[in-house]
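Numbering (full-length UniProt numbering), first residue to last: 1 to 405.
For each residue, glycine too, the CB sits at the ideal point set by N, CA and C.
Small disclaimer: the values here were computed from a predicted structure and weren't measured.
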Amino acid sequence: MKVLVICQYFFPEQFRVNDICFELVKEGNEVTVLTGLPNYPSGIVDKKYKGFRHRNEQINGVKVIRSSLIGRGKGVKKLALNYASFALTSTFKALFLKKDFDLILVYQLSPVTMALPGILLKKITKKPLILYCHDLWPESIASAGISSNSKLYSILLKLSKWIYKNADKIFTSSKLFEEYFKNTLDIHDKIVHLPVYAEALFENIKEVENRDDTINLVFAGNIGEMQSVETIIYAANEIKEEQNIRFHIVGDGSSRKKCEELVDSLSLNNVIFHGQHPITEMPKFYEMADAFLVTLKANKAISYTLPNKVQSYMAAGKPILGSIDGETNIVINEANCGLCSSAEDYQEFALSIKKFATDKDNHHVYGENARRYYDNNFSKKVYMENINNLLEKTILEGDGKIVQR
């Protein structure tokens, strides 16, 4: 197959789309990625890509074509410019792409407008368009504080509905997304549930021998408004007298400074920020963990999401402690791989953490359950078989041609 992938974010930015594209190439497919300039999560465009340099690259067999954009910077206005600039420049650049692909796959994070060049190319080439939804729009923007009664929300709702309805198929990373598509966007068919997997290095995490009595709890990933890392910090404050419990925050994002200031204001010495690390260095933090932490804001739309970190945590075969609603809460309880409290309820979360720390007999059981659930539901082998079959089926339905792999 010849696949054109469109996503505002790509390597060296750390998103699962990278590994999916690399794996598709390993399996004999030709993959071209139309993407932006790396600037996530720092908000500053990587200096390597300034001055119109490295606009066309080959990365692990993937042909990468980069479109200009304004760095996301700090604040809502700069973020809006970042979103708008990629939508405009990538749509223009799409006009000049070689049109020899079999289908268009939009790996849709935020914003949904990253799908616009895909819609244009669908109209021009008559090739099928798949939209792989990881962030629901406009709910993702509503959860950031924009009222659902506002004019802006109304405009974004109409735009989002139009974009989603232009897709021939919609893949969803969470089961609960289907509810939103049906009830809010009036889309009742063409939806396929396709949860992502974890990168291979998380499937081979070594168990640390001769651990001491310290309980190391690790949060790994973006530290943004939606992730509600403050819930972890307030929970840490609730149990700061428990000298054997340590909270490790690994990552970066728009809320990192605010969270660090909160830790300082509470005079906590049980919360450690490790900063951003390349994915190749993450196993050392996973090995250190007695359990992983996952949190999101208390918001219905956000609760539909299953953060990709959950698959990585499960692949590592470690317990998960969550302060989160919706899909993730369901998965943790269904897998029986840890303890889960309501989103943003830091007092309940603190109680769960204390219970976990004193119930060491269950640690191994939770870890085994996590890995078993991962193997049965999120394994890379199953995922790659599914996505290849779905892409081929979409092409055949679109033009009836035999697909070469």
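*Where Arg-211 and Asp-290 are concerned, what is the direct C-alpha to C-alpha distance, given to the nearest angstrom?*
Within the sequence shown, the letter at position 211 stands for residue 211. Within the sequence shown, the letter at position 290 stands for residue 290. Approximately 9 Å, taken between the alpha carbons.
*Using the Cα positions of Pro-12 and Ser-90, report the straight-line distance between them to the nearest angstrom.*
As a working note, residue 12 is residue 12 in the sequence shown. As a working note, residue 90 is residue 90 in the sequence shown. Distance between the alpha carbons of Pro-12 and Ser-90 is about 19 Å.
*Under a three-way DSSP split, which group does Gly-275 fall into?*
Looking up residue 275 in the sequence shown gives position 275. Three-state DSSP puts Gly-275 in a strand.
*Which stretch, first to last residue, makes up the alpha helix (DSSP H) that contains Ala-236?*
As a working note, residue 236 is residue 236 in the sequence shown. Segment 229 to 238, the alpha helix (DSSP H) holding Ala-236.
*Which residue spans inside the region 16 to 71 form an unbroken beta strand (DSSP E) run of at least 3?*
30 to 35, 56 to 59, 62 to 66
*Tell me, to the nearest whole angstrom, how far the beta carbon of Thr-32 is from that of Leu-4; I am working on the premise that it is less than 8 Å.*
On the sequence shown, residue 32 is found 32 positions in, with the first residue counted as 1. On the sequence shown, residue 4 is found 4 positions in, with the first residue counted as 1. About 5 Å separates the two Cβ atoms, so the contact holds.
*Is there contact here, the region 147 to 163 with the region 128 to 139, by at least three beta-carbon pairs under 8 Å?*
yes
*Can you give me the Cβ contacts of Glu-260 inside the same chain, cut-off strictly under 7 Å, excluding the 5 residues immediately before and after it?*
Translated into the one-based positions of the sequence shown, residue 260 becomes position 260. Here the set comprises Phe-273.
*Going by the beta-carbon positions, is the gap between residue 407 and Leu-103 smaller than 9 Å?*
Look at the range of the chain in this structure, 1 to 405, and you will see that residue 407 is not part of it.
*From what residue to what residue does the alpha helix (DSSP H) around Tyr-107 run?*
Residue numbering aside, residue 107 sits at position 107 when the sequence shown is read from its first letter. That residue, Tyr-107, is in no alpha helix (DSSP H); its beta strand (DSSP E) goes 103 to 108.
*Identify every run of the alpha helix (DSSP H) within the region 239 to 293, keeping only runs that are complete inside it and at least 4 residues long; order them along the chain.*
256 to 265, 283 to 288
*Have a look at Pro-307, Ile-215, Trp-162 and flag the residue whose alpha-carbon is nearest the alpha-carbon of Arg-246.*
The sequence position of residue 246 within the sequence shown is 246, counting from 1. For the residues Pro-307, Ile-215, Trp-162, the minimum Cα distance to Arg-246 belongs to Ile-215.
*Can you tell me the Cα-Cα spacing of Thr-277 and His-248, whole angstroms?*
Within the sequence shown, residue 277 is the residue found at index 277, counting from 1. Within the sequence shown, residue 248 is the residue found at index 248, counting from 1. Looking at the sequence provided, one finds His at residue 277 rather than Thr. Distance between the alpha carbons of His-277 and His-248 is about 13 Å.
*Opposite Ser-323 in the DSSP bridges: which residues?*
For the purposes of this step, residue 323 is taken as residue 323 along the sequence shown, with counting starting at 1. DSSP output for Ser-323 lists Thr-295, Ser-341 as bridge partner(s).
*Anticipated Cβ contact below 8 Å, residue 418 with Glu-334, distance rounded*: Here the chain comprises residues numbered 1 to 405, so residue 418 is not present and cannot be evaluated.
*Closest to Gly-275 by CA distance: which of Gly-251, Asn-308, Tyr-83 is it?*
Your numbering for residue 275 matches position 275 in the sequence shown. Comparing Cα-Cα distances from Gly-275 to each of Gly-251, Asn-308, Tyr-83, the minimum goes to Gly-251.
*Span of the beta strand (DSSP E) holding Leu-129?*
Mapped onto the sequence shown, residue 129 falls at position 129. 129 to 133 is the span of the beta strand (DSSP E), which, as asked, contains Leu-129.
_Short Cβ contact (9 Å threshold) for Phe-181 with Ile-163_ = Position 181 of the sequence shown, counting from 1, holds the residue named residue 181. Position 163 of the sequence shown, counting from 1, holds the residue named residue 163. No, Cβ-Cβ distance for Phe-181 and Ile-163 is not below 9 Å.
*asked:* What does the Cβ neighbour count give for Leu-391, buried or exposed, with the cut at 16 atoms within 10 Å?
replied: By 1-based counting over the sequence shown, the position of residue 391 is 391. The residue is buried, with at least 16 neighbouring Cβ atoms inside 10 Å.
_Where Val-196 falls: helix, strand or coil (DSSP)_ = Your numbering for residue 196 matches position 196 in the sequence shown. In this structure, Val-196 counts as coil in the three-state DSSP scheme.
*Taking only the alpha-carbon atoms, compute the straight-line gap between Asp-168 and Ile-302 and give it to the nearest angstrom.*
As a working note, residue 168 is residue 168 in the sequence shown. As a working note, residue 302 is residue 302 in the sequence shown. Distance between the alpha carbons of Asp-168 and Ile-302: 25 Å.
_On the DSSP bridge list, what partners appear for Val-3?_
Sequence index remark: in the sequence shown, residue 3 carries index 3 (1-based). DSSP, once it has assigned bridges, lists Val-31, Leu-103 as partnering Val-3.
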